[in-house]
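Those letters in the sequence shown? Residues -21 to -1, 1 to 480, per mature numbering (1 follows the signal peptide of the UniProt record, and there is no 0), in order.
See structure below.
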Amino acid sequence: MPRMKSLPLAIALVIAVPAHAADLMTITQDALSNNAGYNASRATYDSTRANEDIERGDLLPQVSATASYTQTHTLERQRASTGGAGAAGAGGVAGAGAAGAGASDDNYGTTSAALQVTQTLFDATNWYQLEAAERSSLQQSLSLAGDRQQLMYNVAEAYFEVLRANELLETYKAQERALNRELEQVQQQFNVGVVAITDVRSAESSYDSARAQRIAQESTVEVNFEALEQLTGRQYASIDSLKQSLPIRPPRPASRDAWSQMASSQNISLLAARAGVEAARSDVKTARAGHLPTIEAFANYDYSRSNADYLRGHGEDTQVGIQASLPIYSGGSTSARVRYNTYLLEESQFNAENELRTAVQNARSYYAQVNNAIYSIAARKKAIQSAKSSLDATRQGYQVGTYNIVDVLDAEENLYTSISDYADARYDYILDMLNLRQASGVLDLGTLQALNKWLDGANPVAMIAPDRQNDKDLLAREIDTDGSVSDVFGNVEQARLDPVR
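Below, the structure is given as structure tokens:
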């Protein structure tokens, strides 16, 4: 009986335990396992590896065997006729014609088998096709590594955009509460005749603007959570927040040239483009090999056996030799194929050069942006303190009549703008640093693991649907909720797909 009483309590405790918030590494691993685009890239890479085996197989011995058994039934019918007349002396009797018929029935079986072995001795086309396949596999492996790196960045970007949106939302909520207090205070002062109605209207305008920002930002938080789901195929109720103690440090090495050199030698997209050049060069060799002869060795063995009356017994035939083939004229297609692949080689070389310039430029730009973000963070942090002091001074001036309510509202808005700008600068620093590492080819799971240590699991950010209870007055004033006005965009039940003519 005591067990029965403790069961509801145990269930209640289980229900009360909150789900553990997901961190950056958890979501990254989910994306690497479930992202559709990345899985498609892996399948493409696997297909190029399989193509290597296809091309390699053309250079290995080719063995084929055939066997057959034939049962033959032959029926032949023959008809022969003879006729003659004569006399046998004086008392001879004339002879009459005579006719005869015959048939032959032959039934026999024939067994035959053959074994053929060929081995390529020289075929430049097949050799260069294998070389091209191997280089294409290398290119695709680098492209896959680039897709993996891009996915890791996309996950990190989506993760920190959620945190950025949430920090801005909290700032807008705080601003809305502060301006609501200002509005209530001004309203009370107006009720006792201390201030004019213009002060009330100014306070209302600022409050409504803050309210609109908060409503829009709530939607942004929801949308950013959806971006995580799109990358991973999973929903997350909450994620870890960012610690305020995140260290802000300049990139190491502290040299723009060092980062650009890393980009020119390690950028994944650049390495893939260079591998593409080598694959295209092999394609040119393959096309030129169309002018060369091919040589192969062969061995054939044939066996036959028959039990026909006229050919009873068996026979064997063995052939061993070397066969050469020389293309003389193919309508100009071989030369055209050489030109075609040469142009593709030039295209790949220009693409590789473009990737080099892009990688170096990105590394230099992001290096500058990271350093600018560091100074911006310091400046915006100081701006918050200045804005607080300015707001306090403005409020005091408002109390003694030096400033009006508009000055107070402007100072209030300036404070929360400074807070928002500071949050923006911190997340810009993180994303710029990740971009710098990606451009230089050094963004990996270790980078995200190091960043993951600065997340705060004790203060998760939850995806909670906006509470619109306090915003119902907006619906009453601005939105047609009783359906008295027809929908501008039509009725969804009546929607249909118009056929394309």
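C-beta atoms are modelled at their ideal positions from N, C-alpha and C, and glycine is treated no differently.
With distances taken between CA atoms, His293 lies nearest to Gly88 out of Gly88, Asn30, Thr7 and Tyr377. The beta carbon of Tyr345 lies closer than 7 Å to those of Asp411, Asn414, Leu415 and Ala418 in the same chain, with the five residues before and after it left out.
For secondary structure counted as the beta strand (DSSP E) over 3 or more consecutive residues, the stretch 268 to 349 holds these complete runs in sequence order: 273 to 287 and 290 to 304. Between Val421 and Met131, the C-beta spacing is not below 8 Å.
Shown here for Arg284: same chain residues with a beta carbon closer than 6 Å to its own, the five before and five after excluded, namely Thr90 and His293 in chain order.
Nearest Cα to Ala303 within the set Arg190, Pro272 and Tyr319: Pro272. Shown here, Asn145 sits in a helix according to DSSP, grouped into three states.
Beyond the five residues adjoining it in sequence on each side, Pro230 comes within less than 8 Å, by CB distance, of Trp238, Tyr346, Val349, Asn350, Met412 and Leu415 in the same chain, given in chain order. A residue is called buried when at least 16 other Cβ atoms come within 10 angstroms of its Cβ; Thr211 meets this threshold and is buried.
The Cβ atoms of Leu434 and Asp219 lie closer than 8 Å to each other.
Annotated as distal: Gly255 and Arg316, with beta-carbon spacing of 8 Å or more. DSSP places Asn438 in the uninterrupted beta strand (DSSP E) bounded by Leu434 to Ala441. In this structure, Lys152 sits near Arg193, with a CB-CB distance shorter than 8 Å.
Here Thr297 is exposed, its C-beta having fewer than 16 other C-beta atoms within 10 Å. Going by beta carbons, Ala216 and Met442 fall inside the 8 Å limit.
If you ignore the 5 residues before and after Ser369, its C-beta comes within less than 8 Å of the C-beta of Ala390, Asn393 and Leu394, all in its own chain and listed in chain order. DSSP, read as helix, strand or coil, puts Val171 in coil. Each residue's CA atom was taken as its position, placing Thr381 and Asn170 some 21 Å apart. Excluding five sequence positions before and after Leu305, the CB atoms of its chain that fall closer than 6 Å to its own CB belong to Pro272, given in chain order. For the 8 Å CB-CB criterion, Ala137 and Leu207 form a contact. Burial state of Asn18 is exposed, judged by a 10 Å Cβ sphere holding fewer than 16 other Cβ atoms.
Distances from the CA of Ala124 to each of Ala175, Ala258, Thr23 and Val202 were compared; the closest alpha carbon is that of Thr23. Distance between Gly436 and Asp2, taken at the CA atoms: about 8 Å.
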